[in-house]
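Colleague: Quick one: this structure, given as structure tokens, is what I'll be asking you about.
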Amino acid sequence: MPTDRSFIEFHQVTKWFRDPRGGTIDVVEPLSLDIAKGEFVVFVGPSGCGKTTVMRMVGGLEAPSTGAITLPGEKITGPSRAKGMVFQSYSSFPWLTVLGNVRFGLKYRRDLSSADKDRVARHYLELVKLTPFADFYVNRISGGMRQRVAIARTLAADPLVLLMDEPFGALDALTRERLQQQLLELQKTERKTVIFVTHDVDEAVFLADRIIVFSARPARVLRDLNVRAELPAERTLEIQETPAFRKLRHEVLSLIRDEEERTEAAELAAVS
Amino acid sequence: MAPGPRVRNRLATDSEGSVAKPPDRAGRFPAAAPRQASPWHDLFRFRTQTRPDVEVWVGIVAFVVVIAAWLMMTELEVIQPQFLPSPLAVLQAWWGLFQNEYHLDIGISIGRVWLAFGLSALAAIPLGVLMSSYRAAGAFSEPLIDFIRYLPVPALVPLTLIWFGIDEGSKVALLWIGTFFQLVLLIADDARRVPKEFIETGRTLGAGDWALMKDVLLRAMLPNMVDSLRITLGWCWTYLLIAEIVASNSGIGYELWTARRYGKTPEVFAGILTIGIIGLVSDQLIRAGHRRAFRYLG
Chain A
22 MPTDRSFIEF HQVTKWFRDP RGGTIDVVEP LSLDIAKGEF VVFVGPSGCG
72 KTTVMRMVGG LEAPSTGAIT LPGEKITGPS RAKGMVFQSY SSFPWLTVLG
122 NVRFGLKYRR DLSSADKDRV ARHYLELVKL TPFADFYVNR ISGGMRQRVA
172 IARTLAADPL VLLMDEPFGA LDALTRERLQ QQLLELQKTE RKTVIFVTHD
222 VDEAVFLADR IIVFSARPAR VLRDLNVRAE LPAERTLEIQ ETPAFRKLRH
272 EVLSLIRDEE ERTEAAELAA VS
Chain B
7 MAPGPRVRNR LATDSEGSVA KPPDRAGRFP AAAPRQASPW HDLFRFRTQT
57 RPDVEVWVGI VAFVVVIAAW LMMTELEVIQ PQFLPSPLAV LQAWWGLFQN
107 EYHLDIGISI GRVWLAFGLS ALAAIPLGVL MSSYRAAGAF SEPLIDFIRY
157 LPVPALVPLT LIWFGIDEGS KVALLWIGTF FQLVLLIADD ARRVPKEFIE
207 TGRTLGAGDW ALMKDVLLRA MLPNMVDSLR ITLGWCWTYL LIAEIVASNS
257 GIGYELWTAR RYGKTPEVFA GILTIGIIGL VSDQLIRAGH RRAFRYLG
């Protein structure tokens, strides 16, 4: 039910692919979902469940088979600057410096002069604490820094929604932890609507205002958890030791675990 | 360092303020190797890098060995001079050729190669990019190009002579045909290897098709494209020799063939060496340019 608080709306969205061996593969079952402005929503679910596909449809990088997704009232028909995306793999451009990459996020903005673009790029570079590395080529910096470059670049483009596809998935545990905190720090000032896909349940609970747990393929919403009601808005590392955090973590984990066991049993049955 | 997950950092640590330590010229990291063997020793160790200057010296030794063996065989008259002239005779022949305006022949040959190569690149780069970008262009031209590129170039010599006569046109046409159909597929492949994420990033930052091709695709594929061009330039020389031997009255290939006709083996050797040197020099120049232009890859 679309309310005035909904920002992104999924209207009975489905997705299927054509199977090369004939027939079709359902990836997303009819999905209706409302996401509020400024909400940090995390998608979790068993691997290959279609959560990334759902997010890519918001990005306009894939089209729904039926149904529609709207971003303040307007139907999403293709990728645009309104839907910023951060990928898991390092998508920073190697031929540009750190600053050059962030500035690329502003390249197609017509509302800014060249001087303004420089100023905005430096502002976001500072936000992700990479100013000392402005003139480094991205091959010269670490993976964690490269993801910060990608985040700064996407924010500089000033999107309505920030889509993050396992952005910290390739990083080591400590770097990941630091980037999670920095992301929350950024959110305090940026207040973007974020859709974040991950398979790391701790990460999901730590970051989310709301967690959507998807079933195994075809994706269907198993549970819609309001994390904000359970955890304080201010997230610190210590929060991970609280009973409320553990309870949420356990809830999400057992949902995914059951789902994966169910699929495995079904696959076994199909083989024998 | 404390035990823990393997840090993926290649050059910089992630902690702010600690500046990246660059690797040395051989691409090794400072104090990475537990024991320092001599670079000469490293030459003989399985899959081990050594200093680049050491490798250059080894390369020079190879040339010296070949020339020494050559000298020995001719001095001891193991092989008759009309089959294998002495290096000195070759040098003399070379000198003689230059007395006889050999530099003009070299200039003409280089001109032909670069003209044909330039025209070929000019057509192949846009078409290759389009072929990888739009399936319409790819599906339409790939089968056709595949068919033509399997035709051996010498088989097309009579045709180019019929169409373009024995003037410059036929030579340039032969070289163009010989390289274009190979090059366009290489370029299309280079474009196809650009990661999907780069393109999608561009799209979500607001780039249209044309901007994507210009600002993302071309920039991302450029280093590989220059390599493709360098390889193709080498093939140009092969076809040039064919063209100049068949029908020409100038150029390195013509002089080579004329020398053979009069049994002047030293001149034949001088011609072969000339081509080898031009090839080596232009290849090294492009490689050096590549390193300079794409320093960000290092």
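Respectively, the protein sequence lines represent chains A and B. Take 22 as the starting number for the first sequence in the numbering used here and just add one per residue. Take 7 as the starting number for the second sequence in the numbering used here and just add one per residue. Positions of the beta carbon are idealized from the N, C-alpha and C atoms, including for glycine.
How would you call residue 83/B, buried or exposed, if buried means at least 16 neighbouring beta carbons within 10 angstroms?
Modeller: When all chains shown are included, residue 83/B counts as exposed.
Colleague: Could you check what DSSP says for residue 155/A in three-state terms: helix, strand or coil?
Modeller: DSSP places residue 155/A in coil when its eight states are reduced to three.
Colleague: Please classify residue 160/A: does DSSP put it in a helix, a strand, or coil?
Modeller: If DSSP states are grouped into helix, strand and coil, residue 160/A belongs with the helices.
Colleague: Any idea what DSSP makes of residue 22/A, helix, strand or coil?
Modeller: Low per-residue confidence applies at residue 22/A: pLDDT is 42, beneath 50, and the placement is therefore not dependable, though the value from the model is reported in the following sentence. Of the three classes helix, strand and coil, the one that applies to residue 22/A here is coil, per DSSP.
Colleague: Going by other Cβ atoms of all chains shown within 10 Å of its Cβ, with 16 needed for buried, is residue 9/B buried or exposed?
Modeller: Note that residue 9/B has pLDDT 43, beneath the 50 cutoff, so the model's placement of it is unreliable and the number below is only indicative. Burial call: exposed.
Colleague: Quick one: grab the DSSP three-state call for residue 213/B.
Modeller: In this structure, residue 213/B counts as coil in the three-state DSSP scheme.
Colleague: Express the C-alpha separation of residue 262/B and residue 274/B in angstroms, rounding to a whole number.
Modeller: Residue 274/B and residue 262/B: Cα-Cα distance of roughly 5 Å.
Colleague: Name the chain B residues that come within less than 9 Å of residue 142/A, Cβ to Cβ?
Modeller: Chain B residues near residue 142/A: none, gap ~13 Å exceeds 9 Å.
Colleague: Helix, strand or coil: how does DSSP classify residue 291/B here?
Modeller: The answer is helix: DSSP assigns residue 291/B an H, G or I state.
Colleague: Which residues mark the beginning and the end of the alpha helix (DSSP H) in which residue 167/B is found?
Modeller: Per DSSP, residue 167/B belongs to the alpha helix (DSSP H) from 163-170.
Colleague: Look up residue 50/A in the DSSP assignment and say whether it is helix, strand or coil.
Modeller: Residue 50/A falls in the strand class under three-state DSSP.
Colleague: In or out: residue 140/B buried (at least 16 other Cβ within 10 Å) or exposed?
Modeller: Label assigned to residue 140/B: exposed.
Colleague: Could you please give the first and the last residue of the uninterrupted beta strand (DSSP E) stretch that includes residue 36/A?
Modeller: It spans 27-39 - the beta strand (DSSP E) in which residue 36/A sits, taken as one unbroken run.
Colleague: For the stretch 70-83 of chain A against the stretch 166-186 of chain A, are there 3 or more C-beta pairs whose distance is under 8 Å?
Modeller: In short, these stretches touch, since the Cβ pair count reaches three.
Colleague: Residue 28/A: which of 121/A, 50/A and 60/A sits nearest, CA to CA?
Modeller: Of the listed residues, the one whose Cα sits closest to residue 28/A is 60/A.
Colleague: Does DSSP put residue 55/A in a helix, a strand or coil?
Modeller: Note: residue 55/A maps to strand in three-state DSSP.
Colleague: Could you tell me whether the Cβ atoms of residue 12/A and residue 214/A are closer together than 8 Å?
Modeller: Residue 12/A lies beyond the residue range present for chain A, which begins at 22 and ends at 293; the question has no answer from this structure.
Colleague: I'd like to confirm the pairing. Which residues does DSSP put opposite residue 89/A in its beta bridges?
Modeller: DSSP output for residue 89/A lists 32/A as bridge partner(s).
Colleague: Do the stretch 178-197 of chain B and the stretch 146-165 of chain B make contact, defined as three or more Cβ pairs closer than 8 Å?
Modeller: Yes: at least three Cβ pairs fall under 8 Å.
Colleague: Do residue 107/A and residue 171/A come within 8 Å of each other at the CB atom, strictly closer than that value?
Modeller: Yes; because the gap between Cβ atoms is below 8 Å, this pair is in contact.
Colleague: Per DSSP, residue 245/A forms a beta bridge with which residues?
Modeller: Paired residue(s): 233/A.
Colleague: Report the partner residues of residue 216/A according to the DSSP bridge assignment.
Modeller: Beta-bridge pairing links residue 216/A to 62/A and 184/A.
Colleague: Quick check on the DSSP output: the beta strand (DSSP E) that includes residue 106/A runs from which residue to which?
Modeller: Per DSSP, residue 106/A belongs to the beta strand (DSSP E) from 104-107.
Colleague: May I ask you to report which of helix, strand or coil DSSP gives residue 150/A?
Modeller: Note: residue 150/A maps to coil in three-state DSSP.
Colleague: For chain A, is any of its Cβ atoms less than 8 Å away from the one on residue 199/B?
Modeller: No, residue 199/B does not count as interfacial toward chain A.
Colleague: In chain order, what residues of the same chain lie with their CB nearer than 6 Å to the CB of residue 114/B, ignoring the 5 residues before and after it?
Modeller: The answer, listed in chain order, is 256 and 257.
Colleague: Under the three-state reduction of DSSP, which class applies to residue 96/A: helix, strand or coil?
Modeller: Looking at residue 96/A - three-state DSSP - the assignment turns out to be strand.
Colleague: Assign residue 118/A to one of three DSSP states: helix, strand, or coil.
Modeller: Residue state, collapsed to three classes: strand.
Colleague: Taking the straight line between their C-alpha atoms, what separation do you get for residue 286/A and residue 264/A?
Modeller: Each residue's alpha carbon lies about 32 Å from the other.
Colleague: Any chance the stretch 291-300 of chain B sits against the stretch 225-238 of chain B, with 3 or more Cβ pairs inside 8 Å?
Modeller: The answer is yes - the stretch 225-238 of chain B touches the stretch 291-300 of chain B, with three or more Cβ pairs under 8 Å.
Colleague: I need the straight-line Cα distance from residue 260/B to residue 238/B, nearest angstrom please.
Modeller: Spanning the two alpha carbons is a distance of roughly 22 Å.
Colleague: Residue 178/A versus chain B: which residues are under 7 Å apart at the beta carbon?
Modeller: Simply 211 and 212.
Colleague: Do we get a CB-CB distance below 8 Å when we pair residue 271/B with the residues of chain A?
Modeller: No, residue 271/B lies away from the interface with chain A (no Cβ there is under 8 Å from its Cβ).
Colleague: Per the contact definition of three or more C-beta pairs closer than 8 Å, is the stretch 94-103 of chain A in contact with the stretch 234-249 of chain A?
Modeller: The stretch 234-249 of chain A is not in contact with the stretch 94-103 of chain A.
Colleague: One question on the structure: do residue 223/B and residue 197/B come within less than 8 Å of each other, judged by their Cβ atoms?
Modeller: Closer than 8 Å, so yes.
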